[in-house]
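Asks: Quick one: the structure is below, and I'll ask about it shortly.
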Amino acid sequence: MGTIYQDTVDQDTTARSSMGEGLIEAKLISREYCLSHWVITFSQSGQCINADLSKDVIRYSRSPLPEVVSSIAFRIKDAKPPIDKLLEDLWLPFMERSREFCDCVQWVWGVIYNYSRLDYIETVSTTGISRDDLVEELVRRQSNALNGIELGLALSEIACTENYCGRDLRSNDRSGSHPGRAKSPSNC
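Heads up: take any position in the sequence shown, counting from 1, add 17, and you land on this note's numbering.
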């Protein structure tokens, strides 16, 4: 088992690149089809391009990403090759199989592994995560983010239930015991 790295869920860990220096970053965001979704961001010389694998399509954008939950950055060696060359060599997964689940972890790991194999990027991230430990770290951060999302949803449901206990809700309660009023749960 690899090293456990500091948990960065809910922290802005986006690496800052200096002029000319390039970065490839795995960024964890939330999407409708994958609540804890990894994308790749290429940044160099003031340019930024996001690559997002969703189902069987890779989408590119220059728009800022929504709330970045966590990120892992790898430096482009000697600020070369340029982003355009990196995009030409972007690893594409085998797209012919049906996708029941999001493959973002495997894809992001494959992209970074391939770039390090081609000697385009450093093999250790800016925060000390080695290429060999990357897949475990991606899964760990994704799981921690999902646990946070599930906890947030559970707390929202509890708060919602507590807000409605004992209130006059004008429901279609036809039990006859309280016409026009919702029954309060017994634990309220």
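C-beta: ideal position from N, C-alpha, C; glycine also.
Exposed or buried, what is Arg76 when buried is set at 16 or more other beta-carbons lying within 10 Å of its beta-carbon?
Replies: The residue in question, Arg76, is exposed, as its Cβ has fewer than 16 Cβ neighbours within 10 Å.
Asks: Just to confirm the assignment, what range does the beta strand (DSSP E) spanning Glu49 have?
Replies: Segment: none, Glu49 is in no beta strand (DSSP E) and carries neither H nor E.
Asks: Using 8 Å as the threshold, is the segment 43-63 in touch with the segment 151-168, meaning 3 or more CB pairs across them?
Replies: Yes, the segment 43-63 is in contact with the segment 151-168.
Asks: Just verifying my parser: in three-state terms, what is the DSSP assignment at Trp126?
Replies: DSSP places Trp126 in helix when its eight states are reduced to three.
Asks: From the DSSP output, which residues share a beta bridge with Glu154?
Replies: Answer is none; Glu154 lacks a bridge partner.
Asks: What are the partner residues of Gln159, as DSSP defines its beta bridges?
Replies: DSSP, once it has assigned bridges, lists no residue as partnering Gln159.
Asks: Name the residue from Ile93, Asp101, Ser60 whose alpha carbon lies nearest to the alpha carbon of Leu135.
Replies: For the residues Ile93, Asp101, Ser60, the minimum Cα distance to Leu135 belongs to Ile93.
Asks: Are the beta-carbon atoms belonging to Tyr130 and Ile41 less than 8 Å from one another?
Replies: Contact flag unset, no.
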